[in-house]
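Right, one structure below, let's go through it.
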Amino acid sequence: MPVMRYGAHLPLLDLDGAGWRPGTLVSYVAAAHRLGYAAVTANDHLVFQRPWLDAVVALASVAGTSADLRLATTVALPVVRGPAALAKAAAALDVVSGGRLVLGVGPGSSPRDYAAAGVPFDERWPRFEESVRALRSYLTPGAPPFHGRFYSTDGALRPHPARADGPPIWLASWGSEAGLRRVARLGDGWLASAYNTTPERVVDARATLAVELSRTGRTIDDLPCALATMWTYVTDDERERETHLRALATMLNRPVDALAGRLLVGPAERCAAVVRAYAAAGIGQLFIWPLADAERQLERFMGDVVPLVPPSP
1 MPVMRYGAHL PLLDLDGAGW RPGTLVSYVA AAHRLGYAAV TANDHLVFQR PWLDAVVALA
61 SVAGTSADLR LATTVALPVV RGPAALAKAA AALDVVSGGR LVLGVGPGSS PRDYAAAGVP
121 FDERWPRFEE SVRALRSYLT PGAPPFHGRF YSTDGALRPH PARADGPPIW LASWGSEAGL
181 RRVARLGDGW LASAYNTTPE RVVDARATLA VELSRTGRTI DDLPCALATM WTYVTDDERE
241 RETHLRALAT MLNRPVDALA GRLLVGPAER CAAVVRAYAA AGIGQLFIWP LADAERQLER
301 FMGDVVPLVP PSP
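Residues in the sequence shown are numbered from 1 upward in steps of one, following UniProt numbering.
Dropping the structure here:
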């Protein structure tokens, strides 16, 4: 069982209509650092059914006050943003954070994001593969130009990232064979989605990744495996639990029963059982996303749930 490290999604989604105060993100990140989280992360949408703060701007706003926390996109959408623009922003984030950026990327699953960007949704997969290759070229000093069907580069942008080889690029995949092959071929890490997988599926996915990685001369131990979008609300109140699960199911257009056993919503021991199962499956990093009362939930998770998850032997 790997040593589990914990990160916290920035509260970029206005779930309760309260909006954001100017100091909301800085205060949240300070709490995450004080409580022992290893990273803060941000997810990307142009268009959503609820207000959603921009991920890159949000990370930039806390880069100077986040101490040694890693900053991660989980994920950014290079096809929607454009790989050149995303690479430019990523390099800047890596510079101003002193080399703490992890660039998690995915194709996205929302046609509305693609429509807003004027990109055909049915081109997302070939565009995504090319965009990752373009990001590598833009972010790696001395890298050769990339020329593809959709994107071409003339080599690295300047200023270069803080790290000589650029920020690590982690790829998102819900676990399809094609997606996992792409992770093994192009990624420095794998990002799974908590509400789109199970511990059993993670075991199967890591077995597939091990085979695919062997073709590139790597092993599964060389590839960080992280679980993002782990919606979280630790509570002993069953009515609160049901209220949050129903609201989340409506927002995600998923059945309540399909979410109840996958997410960290409910009593501490129930939440810890989910975390233990993912740790046993090979997940090494878990990024929680509080559904409400964000800083208090950071405290409850780290104080009530984490002590029930044994460290690796």
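Beta carbons: idealized from backbone N, C-alpha and C, even for Gly. All of these numbers come straight from a predicted model, not from anything done at the bench.
1. Quick one: measure Cβ to Cβ for R241 and V265, integer angstroms, because I've assumed they're closer than 8 Å.
2. Give me the DSSP bridge partner(s) of H147.
3. So the alpha helix (DSSP H) A84 belongs to, where does it begin and stop?
4. Where does G179 fall in DSSP's three states?
5. Report the CB separation of L263 from Y195 in whole angstroms; it is logged as a contact under 8 Å.
6. With the cut-off set at 8 Å, would you say V62 and L25 are in Cβ contact?
7. So, do the region 36–53 and the region 91–99 have three or more beta carbon pairs nearer to each other than 8 Å?
8. Let me know the secondary structure DSSP gives R70 once reduced to three states.
9. Considering only the alpha carbon of each residue, which of A31, F150, Y233 lies closest to S66?
10. Determine contact between the region 242–255 and the region 267–287, defined as no fewer than three beta-carbon pairs at a distance below 8 Å.
11. Return the first residue and the last residue of the beta strand (DSSP E) that T65 is part of.
12. Using the beta-carbon count (16 or more within 10 Å), is T219 buried or exposed?
13. If L223 sits next to W190, beta carbons under 8 Å apart, how far is it from one beta carbon to the other, in whole angstroms?
14. Would you check if the region 200–218 and the region 172–186 touch, i.e. whether three or more CB-CB distances between them fall below 8 Å?
15. Using the three-state DSSP reduction, which class does S173 fall into: helix, strand or coil?
16. T229 lies in the beta strand (DSSP E); which residues open and close that run?
17. Let me check understanding here. Comparing Cα to Cα, which of N43, A85, E130, Y138 lies closest to E164?
18. When the Cα of A42 is compared with those of G104, V275, L86, C271, which residue comes out closest?
19. Taking C-beta to C-beta, are Y37 and L69 nearer than 8 Å?
20. Below 8 Å between beta carbons: does that hold for M230 and L35?
21. Do the CB positions of V203 and L171 come within less than 8 Å of each other?
22. Alpha carbon to alpha carbon, what distance is there between D293 and A277?
In terms of the structure at hand:
1. Within the sequence shown, the letter at position 241 stands for residue 241. Within the sequence shown, the letter at position 265 stands for residue 265. 6 Å between Cβ atoms; contact.
2. Taking the first residue of the sequence shown as 1, we reach residue 147 at position 147. S152.
3. On the sequence shown, residue 84 is found 84 positions in, with the first residue counted as 1. 83–96 is the extent of the alpha helix (DSSP H) around A84.
4. Here residue 179 refers to the residue found at position 179 when the sequence shown is read from its first residue. G179 falls in the helix class under three-state DSSP.
5. Numbered from 1 along the sequence shown, position 263 holds the residue referred to as residue 263. Numbered from 1 along the sequence shown, position 195 holds the residue referred to as residue 195. Correct: roughly 6 Å between the Cβ atoms.
6. Walking along the sequence shown from the start, residue 62 turns up at place 62. Walking along the sequence shown from the start, residue 25 turns up at place 25. In this structure, L25 lies closer than 8 Å to V62 by Cβ.
7. no
8. Your numbering for residue 70 matches position 70 in the sequence shown. Of the three classes helix, strand and coil, the one that applies to R70 here is strand, per DSSP.
9. As a first step, residue 66 must be located in the sequence shown, where it is residue number 66. For the residues A31, F150, Y233, the minimum Cα distance to S66 belongs to A31.
10. no
11. The residue labelled residue 65 in the question sits at position 65 within the sequence shown. From DSSP, T65 is part of no beta strand (DSSP E); its letter is neither H nor E.
12. As a first step, residue 219 is located in the sequence shown; it is residue number 219 there, counting from the start. That one is exposed.
13. Within the sequence shown, the letter at position 223 stands for residue 223. Within the sequence shown, the letter at position 190 stands for residue 190. 6 Å between Cβ atoms; contact.
14. yes
15. Residue mapping note: residue 173 aligns to position 173 of the sequence shown, counting from 1. Reduced to three states, the DSSP call for S173 is coil.
16. Along the sequence shown, one-based indexing puts residue 229 at 229. First-last of the beta strand (DSSP E) with T229: 225–234.
17. Position 164 of the sequence shown holds residue 164. Note on identity: in this sequence residue 164 is Ala, with Glu being the wrong assignment. Ranking the options by Cα distance to A164, first place goes to Y138.
18. The residue given as residue 42 occupies position 42 in the sequence shown. Ranking the options by Cα distance to A42, first place goes to G104.
19. Locating residue 37 in the sequence shown gives position 37, counting from the first residue. Locating residue 69 in the sequence shown gives position 69, counting from the first residue. Yes; because the gap between Cβ atoms is below 8 Å, this pair is in contact.
20. Mapped onto the sequence shown, residue 230 falls at position 230. Mapped onto the sequence shown, residue 35 falls at position 35. Going by C-beta atoms, M230 is not nearer than 8 Å to L35.
21. As a working mapping, residue 203 is identified with position 203 in the sequence shown. As a working mapping, residue 171 is identified with position 171 in the sequence shown. Result no, Cβ atoms of V203 and L171 do not sit closer than 8 Å.
22. On the sequence shown, residue 277 is found 277 positions in, with the first residue counted as 1. On the sequence shown, residue 293 is found 293 positions in, with the first residue counted as 1. The alpha-carbon atoms of A277 and D293 are separated by roughly 26 Å.
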